[in-house]
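Numbering (the UniProt record's numbering), first residue to last: 1 to 442.
Written out below as structure tokens is the structure these notes cover.
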Ligand code: UGA
């Protein structure tokens, strides 16, 4: 009989995983402590924006395959495979990961585990977490060592969460016994049959695979942003430079877009957590470049602020700045550590009036930045603006007509913090066009 799956934590990761497991044919129980979130999901709605996911949740709530509960006792009783999908945010006062949600989930689940089962971590964690969780869970579970802990990191990107889960680049099974591997192979049988590559390894390596993947991606972005600084100093063009680098398959054509840098709930905290863990293990000096990647990334935000200040004539006092974008990236309403809002907040703190518009993240921006003017359209954000900033590369902005913005702006000056707008189109409509890492283009 196919296993009954529980998914503990129903945020971006958990809600996606739960719905996708139902799509693969399993009975799935989503578990959370947040009643509001549960009520929405149980009604077939999403508490956040993610393309394709709402339809999938609604379909499988309706089919009866997907249900939700706040009862860990019930989850422990019915589940054969329990996926842990709770957040592991940065700790408030250190760079390390906060494992309190993970430990709390384990502590609530374990006492109800009466029979052998598999507990599978999906969250990004410091290496060694699975070992510690194994001891913690086995000590509290009536089934004792019959409970195996495995690590099966998730590589999904927000905005493509469903596609990334149902057609992943690869699967990683960090297991402690052949039984653990068999159980994971059963869960992912249909993806394996389609030829998805799988790397089976120990739990520590699995934990490090995820942390290394995100750290590599972050470093790649910071590399091109560091080169962007050099281009600016030398009067060269980083966009052309990146275009040429991308043709080299050894370098690859993705994650090489220069601009305001990376944000979100993953890359920034994951590089800090990996370095913090490396320090604890006495090998911090080997990973010191991650600190540079972090600094380069934060500098990328400040450099966009500086460009905007220059365009304001050296000071933000009494100026109005329109900001296109609030989400940390397009196709998401997530504003966690969003470069767009970090830049907007810094400019507001320096004395400018700010108007922000985002196609999906306006509500979140309003909630977390109540003093910012949140505009109802891109053109509204530009109304009366002395400078317009493009900070999240939604297709809506690339396709917009620069003449419409010109008609309402106080001055025609734009800073493209993502390097994805077409300078020629904006210049043709009379705009002065600036972008990080590029020579002044007029
Ligand atoms: C990232 C990883 O890409 C996923 O593989 C991973 O599963 C996920 O973290 C996670 O750990 O859960 P995500 O945070 O959704 O996914 O977003 P990305 O697409 O990686 O973008 C991260 C940031 O980098 C965004 O702010 C984006 O605008 C920025 N970015 C990306 C650049 O500044 N330049 C680029 O060339 C690419």
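Even for Gly, the Cβ is constructed at its ideal location relative to N, Cα and C.
The structure presented is a predicted model; accordingly, all values stated were derived computationally and were not measured.
Distance cut-off 7 Å: residue i Cβ against heavy atoms of the ligand UGA
i	result
residue 312	no
residue 157	yes
residue 179	no
residue 154	yes
residue 420	no
residue 266	yes
residue 245	no
residue 329	yes
residue 126	no
residue 214	yes
residue 217	yes
residue 256	yes
residue 270	yes
residue 235	no
residue 369	no
residue 339	yes
residue 397	no
residue 48	no
residue 262	yes
residue 221	yes
residue 259	yes
Rounded straight-line distance, which links the Cα of residue j to that of residue i
i	j	result
residue 51	residue 344	26 Å
residue 312	residue 17	46 Å
residue 320	residue 416	17 Å
residue 148	residue 371	49 Å
residue 217	residue 280	23 Å
residue 73	residue 322	50 Å
residue 324	residue 121	37 Å
residue 31	residue 239	45 Å
residue 37	residue 54	13 Å
residue 56	residue 331	17 Å
residue 99	residue 117	22 Å
residue 251	residue 75	45 Å
residue 412	residue 242	28 Å
residue 259	residue 339	10 Å
residue 282	residue 97	17 Å
residue 378	residue 172	42 Å
residue 302	residue 188	44 Å
residue 287	residue 44	44 Å
residue 386	residue 95	38 Å
residue 389	residue 158	23 Å
residue 131	residue 202	10 Å
residue 257	residue 221	7 Å
residue 397	residue 87	31 Å
residue 14	residue 110	19 Å
C-beta neighbour in chain C for residue i, strict 8 Å
i	result
residue 260	Considering every chain present, this structure includes no chain C. It has just one protein chain.
For residue i: DSSP bridge partner residues
i	result
residue 200	173
residue 251	Residue 251 is not bridged to any residue.
residue 433	414
residue 6	29, 82
residue 114	DSSP, once it has assigned bridges, lists no residue as partnering residue 114.
residue 67	29
residue 148	118
residue 97	90
First through last residue of the alpha helix (DSSP H) which encompasses residue i
i	result
residue 121	First-last for residue 121: 117 to 121, but that is the beta strand (DSSP E), not the alpha helix (DSSP H).
residue 185	178 to 187
residue 136	129 to 140
residue 12	12 to 23
residue 103	100 to 109
residue 162	161 to 166
residue 246	238 to 246
residue 35	35 to 42
Segment limits, beta strand (DSSP E) that includes residue i
i	result
residue 353	353 to 357
residue 332	Counting along the chain, residue 332 falls outside any beta strand (DSSP E), and DSSP gives it neither H nor E.
residue 322	320 to 324
residue 345	Element bounds for residue 345: not the beta strand (DSSP E) but the alpha helix (DSSP H), 339 to 349.
Practice prompt. Let me know the beta strand (DSSP E) ranges lying completely inside the region 367 to 426, each 3 residues or longer, listed in chain order.
Written response: 387 to 390, 413 to 416
Fill in: Whole runs of the alpha helix (DSSP H) within the region 263 to 289, excluding any shorter than 4 residues
267 to 280
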